[in-house]
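Participant: First, the structure itself, so that you have it in front of you.
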Amino acid sequence: MAPSPPAVGLYVDFVVRGFVADPQSNVPVLVLQDLGERFFLPIWIGVPEATAIAAHLGGQPTPRPMTHDLIQLIVERLGGVVTRVDVRAIEEGVFLADLWIRDGAGGDHRIDCRPSDAIALAVRVDAPIRVAAAVLEAAHPAHLDEATVPPAGLPAVLTAVPVDDAVACALLLKTLAEMDPADFGKYRA
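Residue 1105 is where the sequence shown starts when you use my numbering, and the numbers rise one by one after that.
Pasting the structure below:
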């Protein structure tokens, strides 16, 4: 039986697990995994954001600061610190996030943003990434409705699912996408 998401109103800590390409559109999919290793949560993002996250996680230096590096520098030079990212909701199939910044005087500021931008900044400063239980509930295949179906009609199995199932499905989809019909040889009756 698949594990259930926690109670509504709670948040679950997640980390960036990696990237996969949407086999139908080749759009990057950021894959988050909860610290308890029960769920994967894929989020379709743009190429620039995927590049920014992957470059930082891979330790690839850039000759000049990228946009997210610049934001980090501005926050720090103004005496602030990024305290966390909350992926708080899904509306019409779109994930919504908040970037939390504490200023030099100790005041907390919530900034509405795209999850990809918030996560690109969070990985730079090692800030926690949290996902609302309501997001996990809405993204779970057993509770999908037309408003939360992934883009391009991707299988519901790529939404928040238990790790074992997600790994098996992702590997199968990747393998199938890379196969050539010639790999199967000639059919013999």
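Glycine included, every Cβ here is placed at the ideal spot set by N, Cα and C. Note that this is a predicted model, so its numbers are computed, not measured.
Compare the beta carbon distance of Val1133 and Ile1147 with 8 Å and say whether it is the shorter of the two.
Facilitator: Result yes, Cβ atoms of Val1133 and Ile1147 sit closer than 8 Å.
Participant: Is the CB-CB distance between Glu1153 and Ala1224 below 8 Å?
Facilitator: It is a contact, given that the beta carbons lie within the stated cut-off.
Participant: Tell me the rounded alpha-carbon separation between Leu1145 and Leu1136.
Facilitator: Between Leu1145 and Leu1136, the C-alpha separation is close to 5 Å.
Participant: Three or more C-beta pairs under 8 Å: does that hold for the region 1209-1218 against the region 1229-1240?
Facilitator: Cβ pair count under 8 Å is below three, so no.
Participant: Rounded to a whole number of angstroms, what is the C-alpha to C-alpha distance between Ile1178 and His1172?
Facilitator: Their backbone Cα atoms lie some 10 Å apart in a straight line.
Participant: Is Val1119 near Leu1139, with beta carbons less than 8 Å apart?
Facilitator: The answer is yes: Cβ separation under 8 Å.
Participant: Output the distance between the C-alpha atoms of Asp1117 and Asp1202, rounded to the nearest integer angstrom.
Facilitator: About 14 Å.
Participant: Are Val1185 and Ile1157 closer than 8 Å when you measure CB to CB?
Facilitator: Not in contact: Val1185 and Ile1157 (Cβ atoms no closer than 8 Å).
Participant: What do you get for Leu1125, buried or exposed, if any count of 16 or more other CB atoms within 10 angstroms of its CB means buried?
Facilitator: A small correction: the amino acid at residue 1125 is Ala; Leu does not occupy that position in the sequence shown. Classification for Ala1125: exposed.
Participant: Give the single residue among Gly1183, Pro1219, Glu1195 whose Cα lies nearest to the Cα of Gly1210.
Facilitator: For Gly1210, the nearest C-alpha among the options comes from Gly1183.
Participant: For Leu1200 versus Arg1192, is the C-beta spacing smaller than 8 Å?
Facilitator: Cβ distance < 8 Å, so Leu1200 and Arg1192 count as in contact.
Participant: Consult DSSP for Gln1137 and reduce its assignment to one of helix, strand or coil.
Facilitator: Strand at Gln1137.
Participant: By DSSP, does Leu1182 sit in helix, in strand, or in coil?
Facilitator: In the structure shown, Leu1182 sits in coil (DSSP, three-state: anything other than H, G, I, E or B).
Participant: Check whether the Cβ atoms of Gln1176 and Arg1218 lie closer than 8 Å to each other.
Facilitator: Contact: no.
Participant: Closest to Ala1294 by CA distance: which of Ala1222, Met1170, Phe1143 is it?
Facilitator: Residue 1294 lies beyond the range of the chain shown here (1105 to 1293); nothing can be said about it.
Participant: On the premise that Gly1150 lies in contact with Ser1220, defined as a C-beta separation below 8 Å, what is that separation, rounded to the nearest angstrom?
Facilitator: Contact holds; Cβ gap of about 7 Å.
Participant: Taking C-beta to C-beta, are Asp1190 and Tyr1115 nearer than 8 Å?
Facilitator: Yes, Cβ-Cβ distance for Asp1190 and Tyr1115 is below 8 Å.
Participant: Just curious, the alpha helix (DSSP H) that Ala1237 is in, first and last residue?
Facilitator: From DSSP, the alpha helix (DSSP H) with Ala1237 extends over 1237-1243.
Participant: What does Pro1165 pair with, by DSSP beta-bridge criteria?
Facilitator: Answer by DSSP bridge pairing: none, since Pro1165 is not bridged.
Participant: Can you tell me which of the three DSSP states Asp1230 falls into?
Facilitator: Correct three-state label for Asp1230: coil.
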